[in-house]
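What follows is a single structure, written as structure tokens, with notes after it.
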Amino acid sequence: MFNDNLLKAACSAKFRVLEAAVYLEKLSSDRSHMIDKRTGQWMKEPPAYPPIISSESPNN
Numbered sequence: 001m002f003n004d005n006l007l008k009a010a011c012s013a014k015f016r017v018l019e020a021a022v023y024l025e026k027l028s029s030d031r032s033h034m035i036d037k038r039t040g041q042w043m044k045e046p047p048a049y050p051p052i053i054s055s056e057s058p059n060n
């Protein structure tokens with residue numbers, strides 16, 4: 001028998017709405033996720049603009 005509740009849970013949205021000021025205060029990306037761990041080389045060229053770094057942490 002098909003259980004509609006299981007489908008709803010599996011397909012539910014996985015995001016959160018937050019204020020822009022909080023987003024900009026907390027977001028950091030040092031772009032380390034763009035570097036191949038085996039070679040230490042960029043997988044793709046990073047954007048020309050500087051990375052986004054918050055005062056709390058260089059990466060999250």
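Residue 24 in the UniProt record's numbering is what sits at position 24 of the sequence shown, and the numbering runs on without skipping anything. Where is the CB? At the ideal position from N, CA and C, for every residue including glycine.
Query - Nearest residue (CA-CA) to residue 47, options 32, 21, 13 and 10 - result: Along the sequence shown, read from residue 1 onward, the residue named residue 47 stands at position 47. Closest by alpha carbon: 32.
**Report entry** Proximity winner among 22, 28, 8 and 4, relative to residue 52 (alpha-carbon distances)
**Finding:** Taking the sequence shown and counting its residues from 1, the one referred to as residue 52 is at position 52. The option with the nearest alpha carbon to residue 52 is 28.
**Report entry** Reference residue 58, options 24, 30, 37 and 21, closest by Cα
**Finding:** On the sequence shown, position 58 is the one that residue 58 refers to. Ranking 24, 30, 37 and 21 by Cα distance to residue 58 puts 30 first.
Report task. Please report how far the alpha carbon of residue 12 lies from the alpha carbon of residue 5, in whole angstroms. Result -> Position 12 of the sequence shown holds residue 12. Position 5 of the sequence shown holds residue 5. Approximately 10 Å, taken between the alpha carbons.
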